[in-house]
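Working notes for the structure below.
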Amino acid sequence: MSKRLPNLPAWQWRGYHHNHRHPTNLVLHLIAVPLFILGALLVLSGLFGLDLSQIAVGIIALVAGLGLQRQGHRLEAEQPEPFTNRQDAVQRLLTEQFITFPRFVLSGAWWRAWRERHKHRH
993 MSKRLPNLPA
1003 WQWRGYHHNH
1013 RHPTNLVLHL
1023 IAVPLFILGA
1033 LLVLSGLFGL
1043 DLSQIAVGII
1053 ALVAGLGLQR
1063 QGHRLEAEQP
1073 EPFTNRQDAV
1083 QRLLTEQFIT
1093 FPRFVLSGAW
1103 WRAWRERHKH
1113 RH
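If you want my numbering, it's the 1-based position in the sequence shown plus 992.
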C-alpha cells in the first residue's frame, strides 16, 4: 500500500460518508454490494468445485455489482478519489465490498445518510 493508505480500512472509512449520500447511490449499493459478495463466493465455490457455470455466474455478478456502484457514484456531488493503479483499485474495491460498506450499514451510517437524503439531491 502507498504511504497515502497506510491503513486502508481506516482511510476509506474516514471519507466514505462524503461520497455515499445520494439516495439512488445508497439504494444501488444495498443491491450491488451483496451482489458482488455473492459473485465472489460463487467464483470461489466454482474454483474449488471445478464448476465453470458457477464461475461464469459469479463473474457476471461481480461485474454487475461493480457496474451498479459505478453508476451510483456518478450521481454523487463528491467523487471518490481516483485509483492510482490496478493494485490500488483491487485493494480499495475489495475493502469497500467486504469491510467498509458492511460497516457503513451495520453502524447505522447508511440509515443516517438515507434520512438526510433530501439535502443531497441534485
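Note that beta-carbon positions come from the ideal geometry of N, C-alpha and C, so glycine has one too. These numbers come from a predicted model, not from an experiment.
Query                                                                                                              : Result
Unbroken alpha helix (DSSP H) run spanning residue 1083, endpoints                                                 : 1078-1087
Residue 1024, buried or exposed, once every other Cβ within 10 Å from all chains shown has been counted against 16 : buried
C-beta contact flag for residue 1038 and residue 1057 at 8 Å                                                       : no
Nearest neighbour of residue 1098, chosen from 1033, 1011, 1022 and 1047 [CA to CA]                                : 1022
Rounded C-alpha distance that separates residue 1072 from residue 1017                                             : 13 Å
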